[in-house]
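The next block holds one structure in the form of structure tokens; read it before the comments.
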Amino acid sequence: MRKNLKTVKTALVMGMLLFSVFAAIMPTTSAGTLVNLSHATNISWSTANDTQEPLVPRGEMRQLELKIEYYVTAGPVGKALFNLLYNNRQVNIRLEIVEKSSWCTASLAKSTVHATTSMDHREYSTYLNIQVDDDAPAYSLGYIKIKATVDAIGPIDAFVEEFDLNFQPAYLPMINNELTEGNSKKIAPLGTAVFPIEIENMGNARTKVFLNVENIPEGWIAIVTDEVTIDEGKGSKATAYLTIKPPKGFGYHYNEESIRVSLTPARAENIQDKGAKTYVTVIVESRGFSTPGFESIIFIGALLAVAMIFKLKRKK
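In our numbering, the protein residues as written are 8 to 323.
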């Protein structure tokens, strides 16, 4: 047994000496090609992630799994040397976020992934926590650049490389509305109430807002601007108008009604990509006498009266 162990040790020593002599007499390029020991790493999204689904702005911090592939490359001589001395050694893969889109927040769950050296492709994983800000432009290409570093081990060269991981923010269909002249008005039965509705785009893309009167009391007329388009960016606004006419039947009126208008935001480039409805409600009070059509009767009566007065004066 001791004799066999001694023989193995001698063979190892002789092998190392022969390799050293061989490497010394060979040109540097040839020796490097034959040995060519190096770490290799690749980083990508895990197939378990649905990264094709855009990330919702203002959403919760989302945890995405990163797939880290690690292996060792080697030339013919390097392969033998690796299998003899460096197989299954512990190695640390250090990860660092070095760059990212300005409108996202990202952090790594682990900055170091522990692996073992192998010429077989082995997979490891860690998690990336990511959140998209509300000003992220809808469906633009976001990125996170991660640098992977593996230190040299003996003749195995160090590895440093950066990887770009891409994703997309979703459309945020958010608007704010304001009745700039208040939400109630008093008018005469033959009058008209007009309510300007100022709409601000709080989302992250050019937005169309569709307006609709949800309830019209009997005898009333209510018309609203069908749609407005608002440019992208906070502070972008447009104004729609709600016009209301009360009943105008003959007699005294004392009517008060509330009218509700719905507003539905949608991405201007694809109106199927829409958000939830919001509502504004206004109150109109109509008070006073209504004499529809009497103006012309009074006018004709006045003409007849003038004619009669003129005729009586001629008879005198």
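Even glycine gets a Cβ: it sits at the ideal position worked out from N, Cα and C.
Contact check, residue i vs residue j, beta carbons under 7 Å
i	j	result
ALA212	ARG274	yes
VAL220	VAL231	yes
LEU62	PRO176	yes
GLY203	THR236	The amino acid at residue 203 is misidentified as Gly; the sequence shows Pro. In this structure, THR236 does not lie closer than 7 Å to PRO203 by Cβ.
ALA143	GLY295	no
VAL120	ILE151	no
VAL157	THR124	no
GLU234	GLU205	no
PRO180	GLY282	yes
PHE170	ILE182	no
Reduced DSSP secondary structure (H/G/I, E/B, other) of residue i
i	result
VAL120	strand
ASN90	helix
VAL63	coil
GLY240	coil
GLY161	coil
GLY295	strand
GLY149	strand
PRO203	strand
PRO325	Since the displayed the chain opens at 8 and closes at 323, residue 325 lies outside it and no answer follows.
PRO176	strand
Candidates the options: closest to residue i by CA position
i	options	result
GLU168	GLU239, ILE237, LEU135 and LEU102	LEU102
VAL98	GLY242, ASN43 and ALA159	ALA159
ASP280	TYR146, SER51 and ILE104	TYR146
LEU218	THR187, VAL287 and ALA87	VAL287
LEU172	LYS193, SER51 and THR80	SER51
LYS255	ALA55, GLY198, ILE104 and TYR131	GLY198
ARG96	ILE163, PRO180, ASN262 and GLU185	ILE163
ASN49	TYR77, TRP227 and PRO64	TYR77
VAL268	LYS284, LYS74 and ASN277	LYS284
LYS74	GLY85, SER53 and VAL139	SER53
ALA122	GLU225, GLN138, HIS46 and ASN208	HIS46
Contacting residues, own chain, Cβ-Cβ under 6 Å from residue i (five flanking each side not counted)
i	result
ALA229	VAL220, ILE223, ILE251 and ILE266
ASN262	PRO253 and SER293
GLN70	TYR134 and ASN136
For residue j and residue i, believed in contact at Cβ under 8 Å, the rounded distance
i	j	result
GLY149	CYS111	6 Å
LEU135	PHE89	No, LEU135 and PHE89 are not in contact; Cβ-Cβ is about 31 Å, not under 8 Å.
GLY210	TYR178	7 Å
7 Å Cβ shell around residue i - same chain, five flanking residues per side excluded
i	result
SER108	GLY149 and TYR150
Own chain residues within Cβ distance below 8 Å of residue i, not counting five before or after
i	result
SER191	VAL289, ILE290, VAL291 and GLU292
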